[in-house]
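Shown next, in structure tokens, is the structure this report addresses.
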Amino acid sequence: MKTIRLSNTNLDLPRVIYGCWRLADDPSGHEPAHVQSKIEACLELGINAFDHADIYGDYRCERIFGDALRQSPGLRDQMTLVSKCDIALLSGNRPGHVVKHYDTSPDHISSSVERSLENLATDRLDLLLLHRPDLLMNARQTAAALDQLIREGKVRAVGVSNFTPSQIELLEAFLEAPLTVNQIELSLLQTSPLVDGSLDHCQRTALHPMAWSPLGGGRLFDADDRSAVRVCEALRTLAHSRDMDGQEDSLTQLALAWVMTLPSDPTVIIGSNRVERIEAAAAAADIVLERQEWFTLYEAALGHEVP
Ligand SMILES: NC(=O)c1ccc[n+]([C@@H]2O[C@H](COP(=O)([O-])OP(=O)(O)OC[C@H]3O[C@@H](n4cnc5c(N)ncnc54)[C@H](OP(=O)(O)O)[C@@H]3O)[C@@H](O)[C@H]2O)c1
12 MKTIRLSNTN LDLPRVIYGC WRLADDPSGH EPAHVQSKIE ACLELGINAF DHADIYGDYR
72 CERIFGDALR QSPGLRDQMT LVSKCDIALL SGNRPGHVVK HYDTSPDHIS SSVERSLENL
132 ATDRLDLLLL HRPDLLMNAR QTAAALDQLI REGKVRAVGV SNFTPSQIEL LEAFLEAPLT
192 VNQIELSLLQ TSPLVDGSLD HCQRTALHPM AWSPLGGGRL FDADDRSAVR VCEALRTLAH
252 SRDMDGQEDS LTQLALAWVM TLPSDPTVII GSNRVERIEA AAAAADIVLE RQEWFTLYEA
312 ALGHEVP
């Protein structure tokens, strides 16, 4: 699997990353042995980075994953662990929350990281992201809290998610450590980062874009969704022209390759619970689309030709 080196760090991300948001929803369950087998399948494919957040699975997914690591501690050093904090959900697991909100205060960041470390059965996160921009963020204090976590060795590198370029610049103005990534929604069904400045900013600054829900969270294959149907038709035609079989797996591969062909070199975070679909996605890392192939899919995404 090709990897991407995050600038100003010694961290490498595989082009295809496994996202753990849906871990608790796996119809085959989430017993440690089952989760371990999924982790091992990913590692064998070269998918050696796992994307978490404190809130995934109503605050349960990190522990589910950590239980597999507790059972097989040797796995930890074979992977890059990413997690996030700052969204505060209304949840029976957080009875103190009376409204959904964001929290980038130093206290919240540090207590959330402590919990993530404990749940994930590890002594360090390789990458910590602020999950969403917090309108009450005091950038100086938030930056100091992130730098402190790096100094303590609890976090190796920091980044953000769903931030605009100006929100990134605000945080960077106070941060000693480099901001390494912006994790954003990006797919053939969510093309706004191509034109809202997010990807331009990444290319200009070497901030790495991680694309979440690169298959639109499965919407790409929804037969009742008109844009998805149009995009799938274009993917199928392209698959045939490339001597691929035109079945769902080849459409997945081309849809992921469409994201990875962008010049800011995004990684894609996939979320299927099925090992055969994870295998199909891993193969996308080797596909590069030609310029006119890429624009054919973009046209299908837009629903009209470019001006
Ligand atoms: N930073 C953020 O704000 C944010 C937000 C959302 C997500 N994320 C990250 O992004 C990761 C991926 O998100 P995602 O799960 O929405 O990604 P995705 O890969 O776009 O969607 C995966 C979903 O699509 C379904 N699916 C249906 N047909 C499929 C097919 N042919 N191939 C593959 N999947 C198919 C999967 O179901 P099956 O399991 O049945 O295959 C699964 O439910 C998350 O785990 C999380 O780490 C980040």
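Under my numbering, think of the first position of the sequence shown as 12, with each following residue one higher. Every residue gets a Cβ at the ideal spot worked out from N, C-alpha and C, and that includes glycine. No experiment lies behind these values; they were computed from the predicted model shown.
- Distance between G85 and G57, taken at the CA atoms: about 16 Å.
- Proximity to Q194 across S94, S123, L34 peaks at S94, based on C-alpha coordinates.
- For F174, the shortest separation between its Cβ and any heavy atom of ligand 1 does not lie below 7 Å.
- When secondary structure is reduced to three states using DSSP, T115 falls in the coil class, being assigned neither helix nor strand.
- Apart from the 5 residues on each side of it in sequence, A294 sits with its Cβ closer than 6 Å to the Cβ of Q264 in its chain, given in chain order.
- Per DSSP, the unbroken alpha helix (DSSP H) holding K49 starts and ends at 43-56.
- With a cutoff of 7 Å, T278 does not count as near ligand 1, since its C-beta is closer than that to no heavy atom of the ligand.
- Here the distance from the Cβ of T191 to the nearest heavy atom of ligand 1 is not below 7 Å.
- Here DSSP, grouped into helix, strand and coil, assigns P189 to coil.
- Shown here, W32 sits in coil according to DSSP, grouped into three states, outside any helix or strand.
- Where P277 is concerned, there is no enclosing alpha helix (DSSP H), because DSSP gives it neither an H nor an E.
- Counting along the chain, the unbroken beta strand (DSSP E) around L136 starts and ends at 136-141.
- Leaving aside the five residues that flank I15 on each side, the residues in its chain whose CB is nearer than 7 Å to its CB run, in chain order, D23, L24, R26, H219, D276, T278.
- Closest in alpha carbon position to A156, among A188, L146, S127, Q178, is A188.
- Sequence-distant partners of T153 (beyond 5 residues in either direction) whose C-beta falls short of 6 Å from its own C-beta, in its chain, are T115.
- Scanning its chain for C-beta atoms nearer than 6 Å, with the 5 sequence neighbours on each side dropped, one finds around F174 the residues P144, N193, in chain order.
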